[in-house]
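As numbered in mature numbering (1 follows the signal peptide of the UniProt record, and there is no 0), residues -22 to -1, 1 to 549 make up the sequence shown, in order.
Glycine included, C-beta positions come from ideal geometry on N, C-alpha and C.
The structure under discussion appears below in the form of structure tokens.
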Amino acid sequence: MKTRYTLLFLLLLSLILLTLEAKTVDPYKVLGVEKNASQREIQKAFHKLSLQYHPDKNKNKGAQEKFAEINNAYEILSDEEKRKNYDLYGDEKGNPGFNAGYPGDQGGYTYFTNGGQGQNSYTFRPGDWQDMGDQGNSRSFSFSFGGPSSQSSFGFGLNDIFSNFFGGDLGGGRFGGSTRSQSRSQTGSRSSPKSIKVVNSQVFNKEIADQGMTWLLLSYTSSLKGSQFYESIIQEVADSLQGALKVGRINCETEMSFCKELGTQPRRVPRVFVYSNKASDKGSLVEYNGDLVAKTLKSFCQDHLPRFSKRIDLKHLQSYSGEEEKLPRVVLLSTKKDTPVIWRALSGLFHKRFIFNDVEVRDVTDPMPKKLGVDALPAIVGWLANGEKHVLKSGIFVKDLKSGVHDLSTLLEGFEKKNKKAAASKDRKAQADSGGKHVSLLTGSNFDALCGGKTPVCIIGGFRTLKVKEKLEDILSMVSQKSLSRRRNAASGDSISYTLLDVAKQSSFLNTFDKSGYKSSDKLLLAYKPRTQKFAAFKGEMTAEEVEKFISSVLNGDVQFTKTRQKPVLK
């Protein structure tokens, strides 16, 4: 009896050791990649093998187990933390061993569609196939994809896996990818791409809303299946449109009220939105309801890039010569039949700072480009607000979209500074011609010249009506003349500048001084020190005598100044 138990024990031990040995599979060997393989190489290998061993297409013995093994290997190598653990310890958990089958999980896999709201996910497990037809030994499975009306029992094409990850033209089905149905994978334990920014209400209002940049946003909860696959597709699209598109993710578990406010709450699967600045001054969220394929999603994003550049005819360029406008104008001359993506992106980033146009030019030898001084295409020609023309750049070459947007943004910012200097010079000339009685209206184009870092004190008279404006202009003109001697004794000859501000149009500017934005005041007077970003508000009766006393106290250091809430910026 004792010998029998001993033999039974040895037999069980042998079976356990054989099982462990069989499951100790190298994920690199499974996918056929090197130890130093990149994520792109791992992805390609995974999709090639998963297509080859897919249980519905490969009926050979062992294909089902091989398919599970391939997915298991990919889950480890596509997760940097698990890959690191495997490289160090031989196991993704930091323990020796590599279990291809994940006992207790039955090797389940979940497939997803993105056909719009209410679409389902479908799970199968090896050994749990649904019988199709009359063959009692047939082992197959069926899905229903694409919505309630779909009658298809097999809703994806052979090449859809490749299409989803690489955005190619290999398939157009609705198969969205696969991932393990293991609970830890579905709850987001795999580290998300680090470049996908977490978006909450503060980030949305500060960096996204009406900022001119197009955003691709994922709305999800940690319990939803497929979030990581969605993130991989979104990241791929964002990488291909760097410079013109930013990407973010909103966790609607932690940001429940924010998601409800936006109307982005996910249902059975995550949802994808584009913050579009396509045409209007106000941006808006537009939901993407197409297939979760990188190429298709990229086209959708491109369609929703800003369109603030007006396409014009070449002959219209002549009318800009010497024409004065409120904003500087920039025109792109290129051989493209449609507005280039890079120019559309720039038109959003610099919206309300420039007037954008673009024009198709067949050849640089055309009379108009030659007349403008353009000797190579593509080229950018700019006009200052005073009508002065400049060729900003000709023969433009960009390495990629991201660097192109950066380089041309720098070019436009330099031209904007030139425009501000020209505007300030014009204001000073107008003030001199009027005997010093003219007080300039503070705008975004002359802010740096009148209230920038080189001005020790800036006196800002705020008005809401034309009557108040005229009164403030008279007072400030009068005081500026009386205070000339004091100004020179206090500092340099330009130690104080006097400006007017239309507070009805610049509420955000006033919010940097006071939380209420002085909404209850029909007139106000501020002394602002740009160098220290401090200010003092005049609270007396708005007469020339009282204002003069206030400014004298400011110069003599008798007025207490308060730090602004943030740096004032005029739009």
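DSSP, read as helix, strand or coil, puts residue 268 in coil.
A distance of 8 Å or more separates the beta carbons of residue 275 and residue 222. As the crow flies, the alpha-carbon of residue 535 is around 11 Å from that of residue 528. Assignment of beta-bridge partners to residue 294 by DSSP yields no partner. In the three-state scheme derived from DSSP, where H, G and I count as helix and E and B as strand, residue 545 is classed as coil.
Going by DSSP, residue 360 is part of the beta strand (DSSP E) stretching over 357 to 361. Taking 8 Å as the cut-off, the beta carbon of residue 5 is found closer than this to the beta carbon of residue 51. Counting C-beta atoms within 10 angstroms of its own C-beta, residue 513 has 16 or more neighbours from the protein chains shown and is therefore classed as buried. Nearest Cα to residue 182 within the set 233, 394 and 205: 233. Exclusion of the five residues before and after residue 356 leaves 310, 311, 312 and 374 as the residues of its chain whose Cβ lies within less than 7 Å of its Cβ. A direct Cα-Cα distance of roughly 45 Å separates residue 439 from residue 376. Between the stretch 529 to 549 and the stretch 317 to 328, the count of C-beta pairs closer than 8 Å stays below three; the two stretches do not touch. When beta bridges are read from the DSSP output, residue 197 appears opposite 228 and 249.
Across the set 431, 353, 448 and 334, the C-alpha of 334 shows the shortest separation from the C-alpha of residue 317. For residue 475, the closest alpha carbon among the candidates 320, 457 and 481 is that of 457. A straight-line Cα-Cα distance of about 11 Å links residue 287 and residue 320.
Put simply, the backbone Cα of residue 488 is about 13 Å away from that of residue 511. Nearest to residue 482 by C-alpha distance, out of 459, 505 and 442, is 442. Counting C-beta pairs with one atom in each stretch, the stretch 213 to 231 and the stretch 344 to 363 have fewer than three that are closer than 8 Å, which means they do not touch. Note on residue 176: under 16 other CB atoms within 10 angstroms of its CB, so exposed under the neighbour-count rule. By the criterion of a C-beta distance shorter than 7 Å, residue 261 is surrounded in its chain by 187, 188, 253, 254 and 255, once the five residues flanking it on both sides are discounted. Judged by DSSP in its simplified three-state form, residue 289 adopts strand. Residues 522 and 525 of the same chain have their beta carbon placed closer than 6 Å to that of residue 453, with the five preceding and five following residues left out of the count.
In this structure, residue 250 places its C-beta atom within 8 Å of the C-beta atom of residue 196. Here residue 430 has 508 as same chain residues with Cβ atoms under 7 Å from its own Cβ, once five neighbours each way along the sequence are excluded. Judged by their CB atoms, residue 378 and residue 398 are not nearer to each other than the 8 Å cut-off.
Nearest C-alpha to residue 366 among 306, 245, 345 and 179: 306. Residue 44 counts as buried, since at least 16 other C-beta atoms from the protein chains shown sit within 10 angstroms of its C-beta.
Assignment of beta-bridge partners to residue 440 by DSSP yields 479 and 502. Ranked by Cα distance from residue 292, the options 53, 33, 340 and 13 are led by 340.
The closest CA to that of residue 263, considering only 204, 444, 33 and 191, is found on 191. Check the Cα spacing between residue 227 and each of 243, 499 and 16: the tightest is with 243. Under the three-state reduction of DSSP, residue 18 is assigned to helix. Sequence-distant partners of residue 361 (beyond 5 residues in either direction) whose C-beta falls short of 7 Å from its own C-beta, in its chain, are 298, 306, 307 and 367.
548 is the residue among 347, 548, 345 and 519 whose C-alpha sits nearest the C-alpha of residue 419.
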